């Protein structure tokens with residue numbers, strides 16, 4: 023039996039030849055981490071929406087810690103010997119991945135699942151904090167390695183983020199007043215009357231956005247996208263109220279290309295009648311319960327002859343007012359844009375745990391379907407006619423989870439006796455065509471809005487022939 027190999031030890035504070043390299047690496051890594059974290063601090067101080075407490079604390083503490091090694095290098099002459107390269111790269115590789123998972127758990131739209139992901143990630147990450155000390159038995163090496171983990175993450179995000187943002191990104195810019203205001207009623211928030219905002223894209227592959235690569239939005243006096251509208255319906259006018267979320271509002275397309283505006287044009291042409299109005303009451307991120315409240319507080323005052331609700335795959339998810347504020351571009355809602363590697367890895371980890379972001383459980387849709395029935399009843403009581411039109415996720419036409427959602431929505435409407443127009447088969451039959459706005463924007467493009475509008479126009483025309491005397 024041979025004696026175990028005795029590794030040379032390095033006493034705390036002992037000088038070694040690699041000390042200068044270690045100092046430089048430590049300071050560079052610290053500055054990189056600080057730079058990445060500073061990119062997100064404005065969301066803490068300027069966002070009108072409430073950020074989760076754990077997230078605020080995590081960012082502030084991380085920023086504070088990021089500056090400590092720099093301060094230590096300036097105030098006190100220290101050493102941080104480099105470990106051997108195999109150990110370094112092995113631990114840095116594993117550590118960077120787990121650190122990315124830990125920092126990347128910023129999604130709070132689904133609290134129970136987010137909580138599970140946080141617990142799992144931290145369970146993986148916490149032992150990593152002890153690993154350098156256990157393996158190397160030296161506090162200074164442990165500090166160096168730990169900072170290499172964090173710094174490697176920051177460095178990768180800077181590189182990957184720069185590449186991704188240079189090639190494909192979208193930012194939201196609010197130009198006139200707050201984009202949205204929070205309220206205590208069932209809407210939770212609404213678009214500010216007169217708000218002006220834009221989406222600016224990194225590129226324009228289809229030649230649609232124009233030289234400045236932007237789409238502008240203007241809200242009228244009711245917070246609706248489109249021209250000013252009278253609340254009292256003029257005599258002889260046939261009025262349609264279009265309700266929905268961002269697919270109806272028309273994110274990524276000009277106002278004249280949204281399906282409500284296209285529908286208005288198509289109806290006027292086919293009916294040979296100018297006295298037809300289609301009001302776009304779509305609000306980004308609204309779910310069915312919020313749309314019901316929107317009808318109660320605003321929609322019914324327009325005395326619509328027909329109300330069309332465009333249902334989408336995520337209508338079981340209540341829209342979060344914190345994600346839509348006057349500081350939206352700087353809020354944590356856009357962290358995925360600035361942390362692209364984090365976002366991709368977190369999505370992959372979520373997929374391993376079976377979370378795809380698509381809610382297919384019937385019980386999860388209970389509130390949405392209850393609101394749907396209430397909306398149908400109230401429109402009928404008000405003397406209007408109600409129609410649901412399923413607007414599929416045009417970039418994911420082959421997704422099986424989404425198909426189950428569309429089938430569930432159509433089945434519920436049939437059970438409830440609600441007229442339904444399912445446009446999914448129409449889009450699926452032409453799945454080889456491009457229907458989405460941009461590489462970083464899955465919203466329907468102008469061609470998709472036109473196809474959707476034309477698909478529902480015949481149903482509305484039949485209603486017009488019945489109600490045309492109103």
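Residue numbers (the working numbering): 23 to 492.
Cβ atoms here follow ideal geometry from the backbone N, Cα and C, with glycine treated the same way.
From a predicted model like this one, the values you see are computed outputs, not experimental measurements.
So who's on the other strand from residue 463, going by DSSP bridges?
Bridge partners of residue 463: 460.
Cα-Cα separation, residue 314 to residue 230:
Approximately 34 Å, taken between the alpha carbons.
Helix, strand or coil, according to DSSP, for residue 280 in the structure here?
Of the three classes helix, strand and coil, the one that applies to residue 280 here is coil, per DSSP.
Can you name, in chain order, every residue of its own chain whose Cβ lies under 7 Å from the Cβ of residue 495, other than the five neighbours on each side?
Given that the chain is displayed from residue 23 to residue 492, the structure contains no residue 495 and the question cannot be resolved.
Residue 288 (DSSP reduced to helix, strand or coil):
In the structure shown, residue 288 falls within a helical segment according to DSSP collapsed to helix, strand and coil.
Output the distance between the C-alpha atoms of residue 256 and residue 474, rounded to the nearest integer angstrom.
If you take the alpha carbons of residue 256 and residue 474, they lie about 27 Å apart.
Which of helix, strand or coil DSSP assigns to residue 320:
DSSP places residue 320 outside both helix and strand once states are collapsed to three, so it counts as coil.
Output yes or no for whether 8 Å exceeds the beta carbon distance between residue 288 and residue 429.
8 Å or more divides the Cβ of residue 288 from the Cβ of residue 429.
Measuring only the C-alpha atoms, how far is residue 379 from residue 421?
If I take the Cα positions, the gap works out to 12 Å.
Starting from the C-beta of residue 487, find all residues in its chain whose C-beta is less than 6 Å away, skip the five residues before and the five after it, and write them out in chain order.
Counting only Cβ-Cβ distances below 6 Å, and skipping sequence neighbours, we find nothing.
Can you have a look at residue 390 and say buried or exposed, based on whether 16 or more other CB atoms are within 10 angstroms of its CB?
Residue 390 is buried by the Cβ-count criterion.
On the DSSP bridge assignment, give the partners of residue 223 in chain order.
DSSP lists 192 as partners of residue 223.
Cut-off 6 Å between Cβ atoms - residues of its own chain near residue 240, not counting five sequence neighbours on either side:
The beta carbon of residue 240 sits closer than 6 Å to those of 218, all from its chain and outside the five residues before and after it, given in chain order.
Stretch-stretch touch, CB-based, cutoff 8 Å, three pairs: the segment 281-297 with the segment 306-323
No, they do not touch.
Using only the alpha-carbon positions, how far apart do residue 248 and residue 212 sit?
Whole-angstrom Cα-Cα distance: 15 Å.
Please state whether the Cβ-Cβ distance between residue 301 and residue 263 is less than 8 Å.
In this structure, residue 263 lies closer than 8 Å to residue 301 by Cβ.
Relative to the C-alpha of residue 472, which residue among 340, 453, 223, 272 is closest?
It is 272 whose Cα lies nearest to the Cα of residue 472.
Out of curiosity, what's the CA-to-CA distance linking residue 131 and residue 294?
Any reading at residue 131 is ruled out, since the residue's pLDDT is 32, under 50, leaving its predicted position unreliable.
If you check the beta carbons only, do residue 304 and residue 266 fall under 8 Å apart?
For residue 304 and residue 266, yes; Cβs fall inside 8 Å.
Compare the Cα-Cα distances from residue 444 to each of 232, 214, 236, 426 and report the closest residue.
Answer by Cα proximity: 426.
Are residue 22 and residue 193 closer than 8 Å when you measure CB to CB?
What the structure shows of the chain is the stretch from 23 to 492, and residue 22 is not part of that stretch, so it cannot be assessed.
To the nearest angstrom, how far is it from the Cα of residue 402 to the Cα of residue 225?
For residue 402 and residue 225, the distance between alpha carbons rounds to 45 Å.
On the DSSP letters alone, give me the boundaries of the beta strand (DSSP E) that residue 402 sits inside.
Where residue 402 is concerned, there is no enclosing beta strand (DSSP E), although the alpha helix (DSSP H) it sits in stretches over 388-403.
If contacts are defined as beta-carbon pairs under 8 Å, then residue 410 and residue 331 qualify, I think. What distance do you get, rounded to the angstrom?
Taking a contact as a CB-CB distance under 8 Å, the pair residue 410 and residue 331 counts as one, their CB atoms being some 5 Å apart.
What's the gap between the Cα of residue 399 and the Cα of residue 460?
Between residue 399 and residue 460, the C-alpha separation is close to 38 Å.
Below 8 Å between beta carbons: does that hold for residue 281 and residue 462?
No, these two residues do not count as a Cβ contact at 8 Å.
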